[in-house]
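So the sequence shown is residues 74 to 433, counted in the numbering used here.
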Amino acid sequence: SHSVHRITSGQVVIDLQTAVKELVENSLDARATNIEEVRFLNYGLKSIEVIDNGCGIAPKDYESVALKHHTSKLAAFEDLSTVLTFGFRGEALSSLCALSDSVTLTTATANEAPMGTILEMDRNGRLRNSNSKVARQRGTTVVVSSLFKPLPVRRKELERNAKREFGKALNLLYGYALVPCASENRGVRLAVSNQLEGGRKTVQLKTDGSPSIKASVTALWGSKGLENIVDLDLSFDVLTEKTVLRRLDQESASVTTVKVRGLISKFAVGVGRTGSDRQFFFVNGRPYNPGKVIQKAFNEVYRSFNVGQSPFIIADFILPTHACDVNVSPDKRTIFLHSEQNLIQALKAALEEAFASSRS
Ligand code: ADP
Ligand code: MG
74 SHSVHRITSG
84 QVVIDLQTAV
94 KELVENSLDA
104 RATNIEEVRF
114 LNYGLKSIEV
124 IDNGCGIAPK
134 DYESVALKHH
144 TSKLAAFEDL
154 STVLTFGFRG
164 EALSSLCALS
174 DSVTLTTATA
184 NEAPMGTILE
194 MDRNGRLRNS
204 NSKVARQRGT
214 TVVVSSLFKP
224 LPVRRKELER
234 NAKREFGKAL
244 NLLYGYALVP
254 CASENRGVRL
264 AVSNQLEGGR
274 KTVQLKTDGS
284 PSIKASVTAL
294 WGSKGLENIV
304 DLDLSFDVLT
314 EKTVLRRLDQ
324 ESASVTTVKV
334 RGLISKFAVG
344 VGRTGSDRQF
354 FFVNGRPYNP
364 GKVIQKAFNE
374 VYRSFNVGQS
384 PFIIADFILP
394 THACDVNVSP
404 DKRTIFLHSE
414 QNLIQALKAA
424 LEEAFASSRS
């Protein structure tokens with residue numbers, strides 16, 4: 074029934090941030106090179122709109138695109154553990170339909186462009202209307218209006234914390250702006266704006282799509298303090314839990330090589346904003362919520378070499394897909410690294426070595 078669907082939907086889209094995340098990841102999965110605009114109206118309370126130049130949605134998929142568990146992404150993969158696209162469960166669009174006032178897509182594949190079709194969805198993710206056409210280059214625009222309107226308590230909460238929730242969503246978008254698809258070395262242009270009721274539109278952030286992290290940092294915050302930022306380029310071996318278990322079974326041990334690529338500041342000045350807002354973590358190019366322990370490892374080693382609070386960090390953990398579980402948590406922001414303790418020990422040792430050698 075309706076309510077059951079809404080409750081389970083609540084796990085995929087739990088707040089403004091995850092709503093935005095799902096939309097942006099769909100654009101990246103569609104291989105967009107330009108996320109022309111992520112538009113918030115009134116901090117996203119009124120609507121969130123994501124405009125991309127990705128592959129578009131084919132007419133045969135119009136009916137099913139927002140149905141629960143409809144996905145175009147799974148068929149291509151034999152093994153779930155090797156899934157490299159962000160989505161594969163087909164829950165985001167259906168959740169957004171259930172949890173908002175309305176969801177409207179405008180889309181065109183290369184075949185239909187420059188003619189786009191407007192797809193109006195109902196709460197159950199069914200196609201309500203697809204009779205309107207508009208001019209549209211290849212790509213997809215998704216508009217989600219009045220997020221959480223069907224859930225009055227959650228809507229009130231969002232309204233009460235609108236600025237804070239918007240800030241969290243923006244911080245996440247900084248992540249996509251910094252390391253869009255690092256593992257593929259593919260830059261994505263991204264612009265984010267907010268417009269208040271009756272007010273002017275303000276650009277929140279903008280990148281030019283360079284695959285270089287340093288260029289993205291400059292696009293986002295200017296070049297002030299850039300001279301204090303050095304490349305982070307670590308490589309270390311971690312005994313993974315699976316390996317440990319196998320070893321107990323008297324099988325041969327193997328190790329996982331983890332690389333950490335990005336930037337770190339030598340002094341906590343200049344770039345970015347304050348505190349932990351200046352630390353961005355990724356796994357294989359996906360923004361990732363590292364949890365306190367990994368951040369603490371960086372900060373501790375940093376502080377043993379530097380005076381000051383905590384460094385500016387962009388750290389992309391590059392590791393084989395079998396060493397982490399990306400898609401197990403509902404919001405896909407938590408990525409479980411196997412054997413986190415071993416990983417942290419090795420990470421700290423590698424960081425210490427890097428700091429020590431940059432000293433001498
Ligand atoms: P998933 O991403 O897990 O497949 P979603 O509910 O997020 O599930 O999206 C359902 C389907 O809608 C996707 O598999 C994709 O085919 C299509 N889709 C959604 N957003 C876009 C987009 N921006 N561009 C092209 N196709 C999209
Ligand atoms: Mg998706």
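Think of the CB as a built atom: it goes at the ideal place given N, C-alpha and C, for glycine as much as any other residue.
query                                                                                                                                                       : result
Which whole-angstrom value describes the C-beta separation of Phe385 and Ile302, a residue pair presumed to lie in contact below a C-beta threshold of 8 Å? : 7 Å
My output table needs one value for Ala264: the three-state DSSP class, helix, strand or coil.                                                              : strand
By alpha-carbon positions, which one of Ala92, Phe355 and Leu424 ends up nearest to Leu251?                                                                 : Phe355
Does the distance from the C-beta atom of Thr190 to that of Thr214 stay below 8 Å?                                                                          : no
Return helix, strand or coil for Ile286, following the three-state DSSP convention.                                                                         : helix
Per DSSP, Ser352 forms a beta bridge with which residues?                                                                                                   : Sequence check: residue 352 is Gln here, not Ser. DSSP, once it has assigned bridges, lists Ile386 as partnering Gln352.
Classify Val85 as buried or exposed, calling it buried when 16 or more other Cβ atoms lie within 10 Å of its own Cβ.                                        : buried
Throw me the rounded Cβ distance for the Val216 and Ser100 pair, which I believe falls under 8 Å.                                                           : Contact doesn't hold; Cβ gap of about 13 Å is too wide.
Cα separation between Pro393 and Asn357?                                                                                                                    : 8 Å
Please report the distance separating the alpha-carbon of Thr155 from that of Lys365.                                                                       : Unreliable placement is indicated for Thr155, whose pLDDT of 46 sits below 50; the coordinate value is still reported in the next sentence. Straight-line Cα distance between these residues: approximately 27 Å.
Tell me, which residues are paired with Gly212 by DSSP?                                                                                                     : Ala181
Looking at C-alpha atoms only, which residue of Arg262, Pro225 and Ser266 is the closest neighbour of Phe239?                                               : Ser266
Is the stretch 200-213 close to the stretch 228-245, with three or more CB pairs under 8 Å?                                                                 : no
Are the Cβ atoms of Ser218 and Gly198 separated by less than 8 Å?                                                                                           : no
Could you check if Met194 is buried or exposed, using at least 16 other CB atoms within 10 Å of its CB as the buried criterion?                             : buried
With 8 Å set as the bound, which would you pick, yes or no: does the beta-carbon of Gly189 sit closer than that to a beta-carbon of chain B?                : Reference to chain B is not applicable here, since this structure consists of a single protein chain.
Taking the beta carbon of Ser377 as the centre, do at least 16 other beta carbons fall within 10 Å, making it buried, or is it exposed?                     : exposed
Is any non-hydrogen atom of the ligand ADP found closer than 7 Å to the C-beta of Cys170, if you look at the structure I gave you?                          : no
Taking the alpha carbon of Leu172 as the reference point, which residue from Asn372, Asp88 and Lys236 has its own alpha carbon closest?                     : Asp88
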